[in-house]
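K.L.:
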Amino acid sequence: MRLFAQRSPALPFGLGAYTIGQILFGALIVVALAVFPLIDANASHVSAVADAGYVLLLAFGLNVVVGYTGLLVLGYAAFFAIGAYTYAMLASPQFGLHANFWLMIVISALVAAAFGVILGAPTLRLRGDYLAIVTLGFGEIVPQLLLIFDKYTGGPNGIAAVDQPKLFGHSFGFNPTPYYYLYFAVICVCMILLNNLRHSRLGRAWMAIREDELAAQHMGINTTLTKLLAFSIGSAFAGIAGVIYAAKLTLISPDEFLFPVSVMILLAIVLGGLGNLPGVLVGGGIIALLNFLVLPQASNWIHALGDIVHSGALQSVDLTRYRFLIFGAILVLVMLFRPEGLVPSATVRAELHAEKEAA
Amino acid sequence: MALLSLDAVTKSFGGLTAVKNLTFEVQPGAIVSLIGPNGAGKSTVFNLVTGIYRPTSGSIVFDGRSIGGFKTNAVAEAGIMRTFQNIRLFAYMTVLENVLVGRHVRMHAKPWDDALHSPYERREERATTQQAMELLEWIGIARFAREWARNLPYGMQRRLEIARALVSEPKLLLLDEPAAGTNPAEKADLMKLVQSIRERGVTVLLIEHDMKLVMGISDYVHVLDYGEEIAHGKPDEVRHDPRVIEAYLGKGA
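Which chain is which? The protein sequence lines are A and B, in order. Using the working numbering, you'd call the opening residue of the first sequence number 1 and step up by one each time. Using the working numbering, you'd call the opening residue of the second sequence number 360 and step up by one each time.
#1: Nearest to B:Val391 by alpha carbon, out of B:Tyr585, B:Glu483 and B:Gln554?
#2: How about B:Pro470: is its C-beta nearer than 8 Å to some C-beta of chain A?
#3: Anyone know if the C-beta pair for A:Phe115 and A:Ser253 falls short of 8 Å?
#4: At the 8 Å Cβ level, is A:Ser235 part of the contact set with chain B, yes or no?
#5: Measuring only between beta-carbons, confirm whether B:His568 sits less than 8 Å from chain A.
#6: Going by the beta-carbon positions, is the gap between B:Met440 and B:Ala508 smaller than 8 Å?
#7: Within 10 angstroms of its Cβ, does A:Ile308 collect 16 or more other Cβ (buried), or is it exposed?
#8: Could you work out which residue in A:Ile302, A:Val280 and A:Leu271 is closest to A:Ala329 when comparing CA atoms only?
#9: I'd like to know whether the C-beta of B:Thr369 is nearer than 8 Å to at least one C-beta of chain A.
#10: Which one of A:Glu340, A:Asp129 and A:Leu225 has the shortest CA to CA distance from A:Gly273?
#11: In chain order, what residues of the same chain lie with their CB nearer than 7 Å to the CB of B:Tyr479, ignoring the 5 residues before and after it?
#12: Pop quiz: B:Leu552 and B:Val526 are said to be a contact at Cβ under 8 Å. What is the actual Cβ separation, rounded to whole angstroms?
#13: Counting only the same chain and skipping the five closest in sequence on each side, list residues whose C-beta sits under 6 Å from that of A:Ala88.
#14: Could you check which residue in A:His45, A:Leu258, A:Ile221 and A:Leu194 has the C-alpha nearest to that of A:Val280?
#15: Between the Cα of A:Arg198 and those of B:Glu456, B:Gly428 and B:Ala361, spot the shortest distance and give me the residue it belongs to.
#16: What separation, rounded to the nearest whole angstrom, lies between the Cα atoms of A:Leu146 and A:Met207?
#17: Tell me B:Trp507's beta-bridge partners as DSSP assigns them.
#18: DSSP has B:Glu480 in a bridge; who is on the other side?
#19: Let me confirm a value: B:Lys571 is counted as buried when at least 16 other C-beta atoms fall within 10 Å, else exposed. Which label applies?
#20: Span of the beta strand (DSSP E) holding B:Val368?
#21: I'd like to know whether the C-beta atoms of A:Leu289 and A:Leu319 end up nearer to each other than 8 Å.
#22: Mind checking who A:Gly158 pairs with in its DSSP beta bridge?
#23: At the 8 Å Cβ level, is B:Tyr479 part of the contact set with chain A, yes or no?
#24: Just to check my reading of the structure: A:Ile265 and A:Ala59 have Cβ atoms closer than 8 Å, yes? What is that Cβ distance to the nearest angstrom?
#25: Applying the 10 Å Cβ sphere with the 16-neighbour rule, what's the burial state of B:Asp535?
#26: Count Cβ pairs between the stretch 480 to 491 of chain B and the stretch 511 to 518 of chain B that sit closer than 8 Å; are there 3 or more?
#27: When you compare the CB of A:Ile302 with every CB in chain B, is at least one pair closer than 8 Å?
#28: For B:Phe372, which residues from the same chain have a beta carbon less than 7 Å from its beta carbon, with the 5 sequence-adjacent residues on both sides left out?
#29: Helix or strand or just coil, what does DSSP make of B:Ser555?
#30: Given a limit of 7 Å on CB to CB distance, which residues of the stretch 528 to 546 of chain B reach chain A?
#31: How is A:Met1 classed by DSSP in three states: helix, strand or coil?
#32: Does the stretch 373 to 382 of chain B come close enough to the stretch 562 to 571 of chain B to have 3 or more Cβ pairs within less than 8 Å?
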């Protein structure tokens, strides 16, 4: 009997699910990113690419909830805020506490996961539009609470002088390179874990719920537990992203965790390919680089052009102010011309292989 | 002892009684059919057995356990699997993945096993994949294992639904109008398939409108009309029962 294994169990990290070409391409990107700070010494470039790290982590987490399990969550930035504030409150002069950064990555992930369950439990019966609206509300409530409880959170001023991570006694400081490699390492680990999950019992249960919740129940899937796992695991990624974000910036305030962040992350996963990890990576990368690198740089070039032609209008252009206009235009174009995203699921390719093998 | 027994089961929705005082048994190893005109309450019976509805009164005992009011996933775990009248596959998952989901209740990898791809998870995954492929081979759609379920032709989708329901080795299989929309050749294949499912040791309870199929394969037939049982017996007995003829054709002038 011929066995078309879903993935070859012989390969580690679930790599068996991908073709050799895909693995090589992925390896090339990994190597390129690993050496990037060595080649481009410009700190602002390294910092911008490092900031893509938190966008990617958020995209990974949201993809678990929206992409795999099919639960449309609109207030995802709230979990990012919860992760960031958990770290900032326990590792800053705010309360004079200075918890260990590495420990806090774990703790913030757990705290965000717990809030994921808190949001998930009352919304279990909701789907689609209704769930989106409730989670939208949650996303609005959290920054409001951060403003109201100013005794603990610093209110609109936020929390300053957040501790920077230390490794073997060396502080990360304000140099972006250590943060870059930290994000790099965390993202590699997260991708491996998520890829494993995607091709496992739990990952299939998530997708079964997305495809047909009633049929999933009939297959013996405890949909309550499985959805709560999706909420908590998805939120944990935001918690981790929040810790590193707060540590790199050393200053956080509620207005960094508002609705536009949730929309940006949602856009990233829709642009890349909902539910497909390589797609999420591409989508998150594109959105983050546009946001942190391309738009500010392009603004600078336009200013330079304005200097040359003595045009005041060009000299004062700030493309970053139009980023949501640009993101919106991208979303419309993607929906019109490639609704499945830039890098759709590998299943389509797998079909072609099955035909070849059968021939 | 009966594998499944319903005792005086009633289900009302507000003022409407969908199933009234229904009592019947399914013996292990049998093929039992539920027939009756549209709206007779057949699907409600399936929904009661699978825990979608809780009986208003009466008891449902499966394999020695009272399952009335069980959650749907617990019913599946107890060993009852089903197919649906309108095919409900996981459309954007592969054929193989659909069958693997069917095996969910018999797998024991914990979330951390899944995330870490632990040796236990690896072993279980390999064994399950092999089982799933053997079943797909048996049911004749193994060559489509890596296709999306939605890409299969209709008849194959019906077979995939049955494979998905069988892979967890249930004791009882509920088939909801398996012959709906199939052509005569496919119907003949389906009859053979249902019989070979029984040979695998799985008891079958089916809802079906196609009388030729029902009469051809059933050991026992229960006829419902307006939520009540109006006749039961071997196919030949039921076929000539005047109440059944009346329910289906209306009273003669």
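Glycine included, C-beta positions come from ideal geometry on N, C-alpha and C. Bear in mind the structure is a predicted one, so any value in this text is a computation, not a measurement.
P.N.:
This is what the structure gives:
#1: For the set B:Tyr585, B:Glu483 and B:Gln554, the Cα lying nearest the Cα of B:Val391 is the one of B:Gln554.
#2: Flagged as an interface residue toward chain A: B:Pro470, by a C-beta distance shorter than 8 Å.
#3: Their beta carbons are not under 8 Å apart, which means A:Phe115 does not touch A:Ser253 by this criterion.
#4: For A:Ser235, the answer is no, since every Cβ of chain B falls outside 8 Å of its Cβ.
#5: Under the Cβ distance rule, B:His568 does not count among the residues neighbouring chain A, no pair being separated by less than 8 Å.
#6: In this structure, B:Ala508 does not lie closer than 8 Å to B:Met440 by Cβ.
#7: Residue environment: A:Ile308 is assigned as exposed (fewer than 16 neighbouring CB atoms within 10 Å of its CB, all protein chains considered).
#8: The candidate whose alpha carbon is nearest that of A:Ala329 is A:Leu271.
#9: The C-beta of B:Thr369 comes no closer than 8 Å to any C-beta of chain A.
#10: Checking every option, the nearest Cα to that of A:Gly273 belongs to A:Glu340.
#11: Hits under 7 Å: Ala468 and Asp472.
#12: B:Leu552 to B:Val526, Cβ: 15 Å. No contact.
#13: Cβ within range, chain order: Ile159, Val162, Ala246 and Ile252.
#14: Comparing Cα-Cα distances from A:Val280 to each of A:His45, A:Leu258, A:Ile221 and A:Leu194, the minimum goes to A:Leu194.
#15: Among B:Glu456, B:Gly428 and B:Ala361, the Cα nearest to that of A:Arg198 belongs to B:Glu456.
#16: When rounded, the distance between both Cα atoms is 34 Å.
#17: Answer by DSSP bridge pairing, in chain order: B:Thr453.
#18: According to DSSP, B:Glu480 bridges with nothing at all.
#19: By the 10 Å Cβ count, B:Lys571 comes out exposed.
#20: Counting along the chain, B:Val368 sits inside the beta strand (DSSP E) bounded by residues Leu363 to Phe372.
#21: Against a cut-off of 8 Å, the Cβ pair of A:Leu319 and A:Leu289 comes out as no contact.
#22: DSSP lists no partner for A:Gly158.
#23: No, no contact with chain A.
#24: Their Cβ separation, rounded to whole angstroms, is 5 Å, which keeps A:Ile265 and A:Ala59 in contact under 8 Å.
#25: Per the 10 Å Cβ criterion, buried.
#26: Taking a contact to require three or more Cβ pairs closer than 8 Å, the stretch 480 to 491 of chain B and the stretch 511 to 518 of chain B do not qualify as touching.
#27: For A:Ile302, no Cβ of chain B is located within less than 8 Å of the residue's own Cβ.
#28: Only residues of its own chain outside the window of five on either side were considered, and among them none has a CB closer than 7 Å to the CB of B:Phe372.
#29: The three-state secondary structure of B:Ser555, taken from DSSP, is helix.
#30: Here the close residues number zero.
#31: A caution first: A:Met1 carries a pLDDT of 29, below 50, which makes its placement in the model unreliable, though a value can still be read off. Note: A:Met1 maps to coil in three-state DSSP.
#32: With fewer than three CB-CB distances shorter than 8 Å, the stretch 373 to 382 of chain B does not count as touching the stretch 562 to 571 of chain B.
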